[in-house]
Structure formats: C-alpha cells, structure tokens
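In this note's numbering, the protein residues as written are 162 to 545. Cβ coordinates follow ideal geometry from the N, Cα and C atoms, glycine included. Written out below as structure tokens is the structure these notes cover.
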Amino acid sequence: MVSSRARWLFLGAIALVVALAAACGDGAAEPPLTPTAEQPPSVLVFLRGDDLWVATLDGSSLPRAITSGSVAAQYAGFVRTASGEIELYYTEQLREVSDDAEPNAEAALYRVGLESGIRDELFHFKSRQLSPYHTSAAVSPNGRYVLLSDFEGITLLDLSSGATRSLLANSPPCEGPMSCFGYGSPRWSPTGQRALITKTFWEGGSDIVIDPFEEPVEEEDTPGGASLRAGWSADGERICVSEFTYSSAGAVLVYDLSTGDTVDSTLGLPLPMPSEPGRLRIDAQGCAWAADGRLAFGYVVPDNLGNAREGRIAVVDASFAVLAESAPVANLSTVVAWLRDGSGVLFNRWQPQEGRPRPPGIFDLERGLIELPFEADAVLAVIP
C-alpha cells in the first residue's frame, strides 16, 4: 500500500513533467538560443528634399520623417540597444547665417529612437554655414563616442561624460595652396578602434586613418585620393579608396592596412585601354563592402574626349574576380551600401539643377536594376 506522502510526491513529479512539457514543447523543439523568428527588415535612411527619412525596404512600415524643415541635416550613424531598439544619430543646423557680422551658426547632435520616437539633444556646438568643411558626425559602434567634424577640424566627444578633445585642426584661413587643408567626413572602423578621415587640400585630397584615442593623434597615409567616399571592409582590415584625386577617381583601389599592399579591384573588368595616353580607363563612382567580403563599385568609362558615358555597377569577390555586372545606369553618381541579405546594392543618381529628382535604385544580383518602393532623392545608409 502506498503511503500518503509517497502519493503526493508522485503527483508532484507528474505535475512538474507536464509543466516542463508545456514550456519546452516536444523533443523536436529547437535549442533555446536558436532564434526562431524572422529577422526584421532592413531600414533605409534617405533624403527627401532637405529632410532625413526612414523606411523599411519591404514596405512593412510607411516612410517616416526624422526631421522637418531642417537645415543641413546630416546622418551620423546608428546604434542598436541591448533591447534591440535602433537609435539613429544626426546633426542639424539650428539657424541660418544672416550676415557677415555673425559668421557662426548654432548646430546640435541628436539621437532618436526609431520605435519610441523619443528625440534627445546630445550636444550643442557652433557651425559655419559657408565653410567648405561642413558639419558632420559619426557615432562609434558602441554608442559611447562621436567624431564631430566642423570648420575647426575633428573633435572626439565622449557621450558618457560630455568631455571633448580636439583631434585634428584645420589650417588657418588659406594664404596659398601649400598652407590650406582641412579634415572631414569621419567614419569609424567596424571595431570602433580606428577612423577614416577625408583630408582636403587647396586642390584634391587624401584618405587618412587615425586612432582617435591616441595622444597625440598621428595620421596614417593611404593611397586614397578622396575622390570617392572610402569605405571599411567588414573585418576592418581593408579600405576601398579612389586611385586619383581632385576631379577624377580613376580605379577603385583596395588597401590592406596590415600589410600596406594595394590592389586595383577593377582590373578584371573587360574594358579596353584608352586610345590616347593620359586618358582614363575607368572612373569609379563609389564603393561598398558586403559582410562576406564581396566588393561593389560603380564606374563610368570615359570616351576618347574624356566625357563620361553611361554608368554600370560591378561586384567582385575577395580575389577580385568579377561576379556580376549591371545593365547601364543612367546618371549613376555613387554606390551607397549593400542590402543586409547581400542580394543587392543601393545606388544614387546625379540630380538635375531643375526639374524632377532622379530616384535612387537597387542593383539586385538576380533581378537586375529595380526601383525603390517609395519616393526618395538620395539613399544615405542601410541599417541592418
């Protein structure tokens, strides 16, 4: 005969088994750490007029304005919080310069949660509307630091303490070609340990790499001529840069930061050599790295008179073998970024001075050239 105590223990064990089965499912269930839900769609950051907008590429959410009636709004990156929310950073000029007696303008750095819609002003600073070194910023991957670029140079801002430190100072007012230079367009490496900076001169420019936490900061030269927006590879070990400077980009060079080696990524394209010495074989229109190491770049082939013809977009693998090439793209201005799933590349077009804007598009590796499902003037970034 079973005792009362044993009977209650037996019933408790059965209840525990039933509860565990309800919580965990049957034995074929996936491990607890394996995600079962589909990944959220990619978010595109783009310009419509002078304002920043965001939208999902699959149309699951309608385009939404981040700024309204803005002056010189500049996208500064994003951070994904521990809870999974996307926080977008941007700078905006608060008022326009009205006369020469007051050359400075007020500007601010903002952070806005894409789900909550809450906007915070993080930093207030001076800008200069008429300066060739426009205000821009870049938030570090961990969200703690921001590299600010303005008419004075490059500044490192620590958001946790509010402390700032000048990293690179622009030259005083230019007195001639040899004494005129400035820094801008900061881009953090994927690890947040280094940064790409564009250094401009009286004529032309160069791409440099710095360690923002080094004191004093030293400039590491690269072969880049700053004619296109240089970009980091996903592992942070290589950058794609322009071959030339000033008015022509030339080829897209890949520079290995660890070895110092440089490779022309465009040599695999079946393009004829120029018929006259000094003519460009190719003139690049931007570059973008995929997470798996593929490189996309836009290019035009100048004719014998040096005039740019229709553009195309090419994709090469890690050994620079050509994997895909688009049909002709009218008015191609730059390749922006890969879609998160690696299926295609976003690009922008040159805009007319008057008339209807030319829309950006996607070079889908399987479907070819396709249009965006919403109105946009220029795509700025893809938030994966």
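Name the residue from the options whose alpha carbon lies nearest to the alpha carbon of residue i.
| i | options | result |
| --- | --- | --- |
| SER426 | TYR306, SER408, THR406 and CYS448 | CYS448 |
| ASP319 | LEU249, ALA395, VAL300 and ALA330 | VAL300 |
| VAL215 | SER222, SER221 and VAL206 | VAL206 |
| ASP372 | ARG510, GLY385, ILE358 and PHE362 | ILE358 |
| LEU283 | TRP349, LEU309, ALA226 and VAL424 | LEU309 |
| TYR251 | ARG280, PRO224, ALA457 and GLY245 | ARG280 |
| GLY439 | ARG209, PRO463 and VAL424 | PRO463 |
| GLY522 | PRO513, VAL540 and ALA412 | VAL540 |
| GLY366 | ALA485, THR383 and ALA226 | THR383 |
| VAL552 | SER221, ASP212 and ASP311 | The structure shown does not extend to residue 552, since the chain is modelled only from 162 through 545, so no value can be given for it. |
| ALA242 | LEU456, ILE443, GLY210 and GLU276 | A small fix is needed here, since residue 242 is Thr in this sequence, not Ala. When each option's Cα is compared against that of THR242, the closest is GLU276. |
| ASP478 | GLU471, VAL461 and ALA457 | ALA457 |
| LEU484 | ARG355, GLY454 and PRO351 | GLY454 |
| GLN354 | THR325, PHE374 and GLU527 | PHE374 |
| ASP525 | GLY421, GLN514 and TRP499 | TRP499 |
Looking at the strands, I want to know which residues DSSP matches up with residue i.
| i | result |
| --- | --- |
| ALA356 | TRP349 and ILE371 |
| PHE207 | TRP214 and VAL540 |
| PHE524 | VAL506 and LEU530 |
| GLY392 | CYS401 |
How is the beta strand (DSSP E) around residue i delimited, first residue to last?
| i | result |
| --- | --- |
| CYS401 | 399-403 |
| LEU328 | 325-330 |
| ASP319 | 314-319 |
| THR252 | 247-254 |
| TYR271 | 266-274 |
| TYR416 | 413-417 |
| VAL300 | 297-300 |
| VAL561 | The requested residue 561 is not part of the displayed model; the chain covers only 162 to 545. |
Is it true that the CB of residue j sits closer than 8 angstroms to the CB of residue i?
| i | j | result |
| --- | --- | --- |
| THR228 | ALA237 | no |
| GLY503 | ALA542 | no |
| LEU418 | GLU437 | no |
| ALA445 | LEU530 | no |
| VAL273 | LEU249 | yes |
| THR406 | GLY392 | no |
| ILE315 | ILE544 | no |
| VAL506 | VAL490 | no |
| ARG510 | LEU493 | yes |
| LEU414 | VAL424 | yes |
| PHE508 | GLY429 | no |
| LEU208 | ALA412 | no |
| ILE369 | GLU381 | yes |
I'd like to know if residue i contacts chain C, where contact means its C-beta is closer than 8 angstroms to some C-beta of that chain.
| i | result |
| --- | --- |
| ALA485 | Of the chains in the structure shown, none is chain C; there is only one protein chain. |
Using a threshold of 7 angstroms, is the CB atom of residue i nearer than that to any non-hydrogen atom of the ligand ADP?
| i | result |
| --- | --- |
| GLY459 | Among the components modelled here there is no ligand, and therefore nothing to report on the ligand ADP. |
Runs of 3 residues minimum, wholly inside the stretch 422-508: which ones carry the beta strand (DSSP E) assignment? 423-425, 444-450, 456-461, 472-477, 483-486 and 493-499
Let me know the beta strand (DSSP E) ranges lying completely inside the stretch 215-243, each 3 residues or longer, listed in chain order. 232-241
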